[in-house]
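Q: The structure is given below, and queries will be raised subsequently.
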Amino acid sequence: MALKLFNTLTRSVQEFTPLDPQKKKVGMYCCGPTVYDFAHIGNWRTFVFADLVRRTLEFSGYDVTHVMNITDVEDKIIKRVREQKTTLREFTGKFEAAFLDDLKALGCREPHQKPRATEHIAEIIALIEKLVARGVAYKAADGSVYFSIEKYRGCGCCYGQLLKLNLDEMRAGERVASDEYEKESVADFALWKARVPDDGEVFWPSPFGEGRPGWHIECSAMSIKALGETFDLHLGGEDLKFPHHEDEIAQSEGATGKPFVKYWLHGAHLLVEGKKMSKSLGNFFTLRDLLAKGFTGREVRYLLLTAHYRETFNFTLDGLAGAKSALSRIQECLSKLLEFWDNEIGEINVPIDSRDEIALKKFTEALQDDLNISQVWGVVFEWIRELNRSLAQEILSKNSAASALATWKRMDGVLGLSLSLKSALRMNEVTGVAPSGILAEVRGDEEAPPEIRSLLMQRIEARKAKDFKRSDAIRDELKAKGWVIEDTPKGIKLKKI
Ligand SMILES: [Zn+2]
Numbered sequence: 053m054a055l056k057l058f059n060t061l062t063r064s065v066q067e068f069t070p071l072d073p074q075k076k077k078v079g080m081y082c083c084g085p086t087v088y089d090f091a092h093i094g095n096w097r098t099f100v101f102a103d104l105v106r107r108t109l110e111f112s113g114y115d116v117t118h119v120m121n122i123t124d125v126e127d128k129i130i131k132r133v134r135e136q137k138t139t140l141r142e143f144t145g146k147f148e149a150a151f152l153d154d155l156k157a158l159g160c161r162e163p164h165q166k167p168r169a170t171e172h173i174a175e176i177i178a179l180i181e182k183l184v185a186r187g188v189a190y191k192a193a194d195g196s197v198y199f200s201i202e203k204y205r206g207c208g209c210c211y212g213q214l215l216k217l218n219l220d221e222m223r224a225g226e227r228v229a230s231d232e233y234e235k236e237s238v239a240d241f242a243l244w245k246a247r248v249p250d251d252g253e254v255f256w257p258s259p260f261g262e263g264r265p266g267w268h269i270e271c272s273a274m275s276i277k278a279l280g281e282t283f284d285l286h287l288g289g290e291d292l293k294f295p296h297h298e299d300e301i302a303q304s305e306g307a308t309g310k311p312f313v314k315y316w317l318h319g320a321h322l323l324v325e326g327k328k329m330s331k332s333l334g335n336f337f338t339l340r341d342l343l344a345k346g347f348t349g350r351e352v353r354y355l356l357l358t359a360h361y362r363e364t365f366n367f368t369l370d371g372l373a374g375a376k377s378a379l380s381r382i383q384e385c386l387s388k389l390l391e392f393w394d395n396e397i398g399e400i401n402v403p404i405d406s407r408d409e410i411a412l413k414k415f416t417e418a419l420q421d422d423l424n425i426s427q428v429w430g431v432v433f434e435w436i437r438e439l440n441r442s443l444a445q446e447i448l449s450k451n452s453a454a455s456a457l458a459t460w461k462r463m464d465g466v467l468g469l470s471l472s473l474k475s476a477l478r479m480n481e482v483t484g485v486a487p488s489g490i491l492a493e494v495r496g497d498e499e500a501p502p503e504i505r506s507l508l509m510q511r512i513e514a515r516k517a518k519d520f521k522r523s524d525a526i527r528d529e530l531k532a533k534g535w536v537i538e539d540t541p542k543g544i545k546l547k548k549i
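Number 287 in the working numbering belongs to position 235 of the sequence shown; there are no gaps in the numbering.
So this is what it looks like as structure tokens:
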């Protein structure tokens, strides 16, 4: 079964096929934070969702380039810089650092590239120049440069790809200068905003005069630079569909004449305690607010990951308390498995248990089904229940414990909970199964290099085939390389001399 995802562009669940002819590399862009304040829990839902998409792609064997921009110049930022009488960099720097700390606390893999808008002014200007040259952008009397929706549509391009817009009600020549606006006011939007006194020192020179970029053009310029004119995946919260993402498409396709993105993925809204989050209702939480209440980033991550990304999710403090107990159920089981396995020497020639194989298969299928996360958790907890039953009945073998731990490691590569498993599970980053030779290596408390692991596996195969001559030869070769194998009644132990 292949990975299937809901593409906002086609309004349907589609099989994911990367643009790369080798079907290996995947370019993924997620609109990053506007660094004017601490990100709130609604923002975090989107970033944890993006992390799940990335991890799922990596779990599926793709080589992902994950790009997330930092919007460090924008209407709200400039307003606060002015109010606080500080500099742009000083102001945005502290919120950018806080954002990256929070991202880590939530167990999100760091994006490979985190371009800042203010460091891409040249690319932004070049893109605007292209749009002007193609006749789809113009300089208005206020000195700013706008994108012309009418001219763009006149070229046969479609404005309104992500959602249906009533363009007939649009009045020709209507313009909007602010970065955020309502669907009802579909209008020409600003690409370059002419300097005004309120901007203070926040401006750059350009062929269109001093000013600064609009928010939408930042993402087009940075995503094209990082991932090319056409790339695989663009993610964001559903509130960004319009106008931000629609404008990104118009700017990018208007400049390049090529399709911008193959798959658009949008995460749904989040309610807090059943209501839209707002400071006046007292249900507005940043991650820091929740940490101060004694919850952990892991618990917040878990709770955010319990709902399907396309469903509105009601985030509650009771839910967080539930997350705590769900996580301790998993942790308890893993600790028992680890303790159980750790007391003895790892045994050899243990294939992964069929129970684990089945669980992993179901886990994968649920994930591939448009990230059906509730089914994923269903599989995980059913598997934990079975393991607990076997542990309670004392019918679990040491090897089965090791197999289960390795299976968890594989699952957690996607879930990102990073529950403490000591160093024991460093073993199977690559294969995700528990080949017993690698268990032996772990028992030796040494990280054997790949060459040694490979020799060990070859020796296991030779012994299975009763080719003792070959087995002995490999043993000697290992010894020459500084590793000794001890055959014990309970299995094989690999030790560095
Ligand atoms: Zn964006």
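Where a beta carbon is used, it is the ideal one built from N, C-alpha and C, also for glycine.
Helix, strand or coil for ARG168 per DSSP?
A: Walking along the sequence shown from the start, residue 168 turns up at place 116. Three-state DSSP puts ARG168 in a strand.
Q: By the three-class DSSP mapping on this structure, what secondary structure does GLU253 have?
A: The residue you call residue 253 lines up with position 201 of the sequence shown. Here GLU253 sits in coil by DSSP.
Q: Report the three-state DSSP secondary structure of THR86 (helix, strand or coil).
A: Against the sequence shown, residue 86 aligns to sequence position 34. Three-state result, THR86: strand.
Q: Enumerate, from N- to C-terminal direction, the unbroken beta strand (DSSP E) stretches of 3 or more residues contained entirely within the segment 60-128.
A: 64-67, 77-82 and 115-120
Q: Contact criterion: CB-CB distance below 8 Å. Does ASP408 meet it with respect to chain B?
A: Absent from the structure: chain B. Only one protein chain is present.
Q: Run through DSSP, which three-state label would VAL228 get?
A: By 1-based counting over the sequence shown, the position of residue 228 is 176. Correct three-state label for VAL228: strand.
Q: In chain order, what residues of the same chain have a beta carbon less than 7 Å from the beta carbon of LEU292, not counting five sequence neighbours either side?
A: By one-based count along the sequence shown, residue 292 stands at place 240. Counting only Cβ-Cβ distances below 7 Å, and skipping sequence neighbours, we find CYS83.
Q: Taking the beta carbon of SER488 as the centre, do at least 16 other beta carbons fall within 10 Å, making it buried, or is it exposed?
A: Locating residue 488 in the sequence shown gives position 436, counting from the first residue. Here the model assigns SER488 a pLDDT of 39, short of 50, so the residue's position is not dependable and the matter cannot be decided.
Q: Below 8 Å on the Cβ atoms is my guess for SER455 versus ASP408; work out the distance and round it to an integer in Å.
A: For the purposes of this step, residue 455 is identified with residue 403 of the sequence shown, where counting begins at 1. For the purposes of this step, residue 408 is identified with residue 356 of the sequence shown, where counting begins at 1. Right, the Cβ-Cβ distance comes to about 5 Å (below 8 Å), so this counts as a contact.
Q: Could you give the first and the last residue of the continuous beta strand (DSSP E) run that contains GLU317?
A: Locating residue 317 in the sequence shown gives position 265, counting from the first residue. A small correction: the amino acid at residue 317 is Leu; Glu does not occupy that position in the sequence shown. Counted as a single uninterrupted DSSP element, the beta strand (DSSP E) harbouring LEU317 occupies residues 313-319.
Q: Compare the Cα-Cα distances from LEU140 to each of ASN59, GLU290 and VAL254 and report the closest residue.
A: Residue 140 sits at position 88 when you count from the first residue of the sequence shown. The option with the nearest alpha carbon to LEU140 is VAL254.
Q: Might you give, ordered along the chain, the residues of its own chain that have their beta carbon closer than 7 Å to the beta carbon of VAL428, omitting 5 neighbours on each side?
A: For the purposes of this step, residue 428 is taken as the residue at position 376 of the sequence shown. Excluding sequence neighbours, VAL428 sits near PHE415, ALA418 and LEU419.
Q: Among all residues, which have a Cβ less than 5 Å from at least one non-hydrogen atom of ligand 1, and in what chain order do they fall?
A: CYS83 and CYS271
Q: Determine contact between the segment 333-351 and the segment 294-302, defined as no fewer than three beta-carbon pairs at a distance below 8 Å.
A: no
Q: Looking only at its own chain, which residues have a Cβ that is under 6 Å from the Cβ of PHE337, when we skip the five neighbours before and after it?
A: Your numbering for residue 337 matches position 285 in the sequence shown. ILE93.
Q: DSSP state of PHE143, grouped into three classes?
A: What you label residue 143 is simply residue 91 of the sequence shown in a count that begins at 1. Helix.
Q: Does the Cβ of ALA444 have 16 or more other Cβ atoms within 10 Å, making it buried, or fewer, making it exposed?
A: If you number the sequence shown from 1, residue 444 lands on position 392. Exposed.
Q: So, do the segment 348-367 and the segment 147-161 have three or more beta carbon pairs nearer to each other than 8 Å?
A: Yes: the two stretches touch, three or more of their Cβ pairs being nearer than 8 Å.
Q: Can you give me the start and stop residues for the alpha helix (DSSP H) that HIS268 sits inside?
A: Residue 268 sits at position 216 when you count from the first residue of the sequence shown. Here the alpha helix (DSSP H) through HIS268 covers 267-279.
Q: With C-beta atoms as the reference, is LEU356 less than 8 Å away from LEU389?
A: Position 304 of the sequence shown, counting from 1, holds the residue named residue 356. Position 337 of the sequence shown, counting from 1, holds the residue named residue 389. The answer is no: Cβ separation not under 8 Å.
Q: Could you pull out every residue in the same chain whose Cβ sits closer than 6 Å to the Cβ of GLU67, ignoring the five residues on either side in sequence?
A: Within the sequence shown, residue 67 is the residue found at index 15, counting from 1. Result list for GLU67: ALA54 and LYS56, in chain order.
Q: If you reduce the DSSP assignment to three classes, tell me which class ILE537 lands in.
A: As a working note, residue 537 is residue 485 in the sequence shown. ILE537 falls in the strand class under three-state DSSP.
Q: Distance, Cα to Cα, PRO70 vs ALA525?
A: Here the question's residue 70 lines up with position 18 in the sequence shown. Here the question's residue 525 lines up with position 473 in the sequence shown. C-alpha separation (whole angstroms): 45 Å.
Q: Where ASP497 and LYS547 are concerned, what is the direct C-alpha to C-alpha distance, given to the nearest angstrom?
A: Reading the sequence shown from its first residue, position 445 is the one you call residue 497. Reading the sequence shown from its first residue, position 495 is the one you call residue 547. The predicted model places ASP497 with a pLDDT of 38, which falls under 50 and marks its position as unreliable; any figure quoted below should be read in that light. The alpha-carbon atoms of ASP497 and LYS547 are separated by roughly 8 Å.
Q: Short of 8 Å in beta carbon distance, which residues of its chain neighbour ASN424, apart from the five on each side in sequence? Order them along the chain.
A: As a working note, residue 424 is residue 372 in the sequence shown. Same-chain partners within the cutoff: HIS360 and ALA418.
Q: Starting from ALA344, trace the beta strand (DSSP E) in both directions and tell me its first and last residue.
A: One-based indexing of the sequence shown puts residue 344 at position 292. No beta strand (DSSP E) holds ALA344; the alpha helix (DSSP H) holding it covers 339-344.
Q: Can you tell me which of PRO259, TYR211, GLY261 and PRO249 puts its alpha carbon nearest to the alpha carbon of PHE241?
A: Working through the sequence shown from its first residue, we reach residue 241 at position 189. The shortest Cα separation from PHE241 among PRO259, TYR211, GLY261 and PRO249 belongs to TYR211.
Q: Please list the segments of the alpha helix (DSSP H) lying wholly inside the segment 349-396, counting only runs of 4 or more residues, in order along the chain.
A: 349-356 and 369-394
Q: In three-state DSSP terms, what is LYS56?
A: Within the sequence shown, residue 56 is the residue found at index 4, counting from 1. Here LYS56 sits in strand by DSSP.
Q: Taking its Cβ as the centre, do 16 or more other Cβ atoms sit within 10 Å of CYS271, making it buried, or is it exposed?
A: Start at 1 with the first residue of the sequence shown, and residue 271 comes out as number 219. Buried is the call here.
Q: Express the C-alpha separation of GLU363 and LEU61 in angstroms, rounding to a whole number.
A: The residue labelled residue 61 in the question sits at position 9 within the sequence shown. The residue labelled residue 363 in the question sits at position 311 within the sequence shown. Their backbone Cα atoms lie some 18 Å apart in a straight line.
Q: Do three or more CB pairs link the segment 200-207 to the segment 277-294 at distances below 8 Å?
A: no
Q: On the DSSP letters alone, give me the boundaries of the beta strand (DSSP E) that LYS191 sits inside.
A: For the purposes of this step, residue 191 is taken as residue 139 along the sequence shown, with counting starting at 1. LYS191 -> beta strand (DSSP E) spans 189-191.
Q: Between which two residues does the beta strand (DSSP E) harbouring VAL432 extend?
A: As a first step, residue 432 must be located in the sequence shown, where it is residue number 380. That residue, VAL432, is in no beta strand (DSSP E); its alpha helix (DSSP H) goes 425-444.
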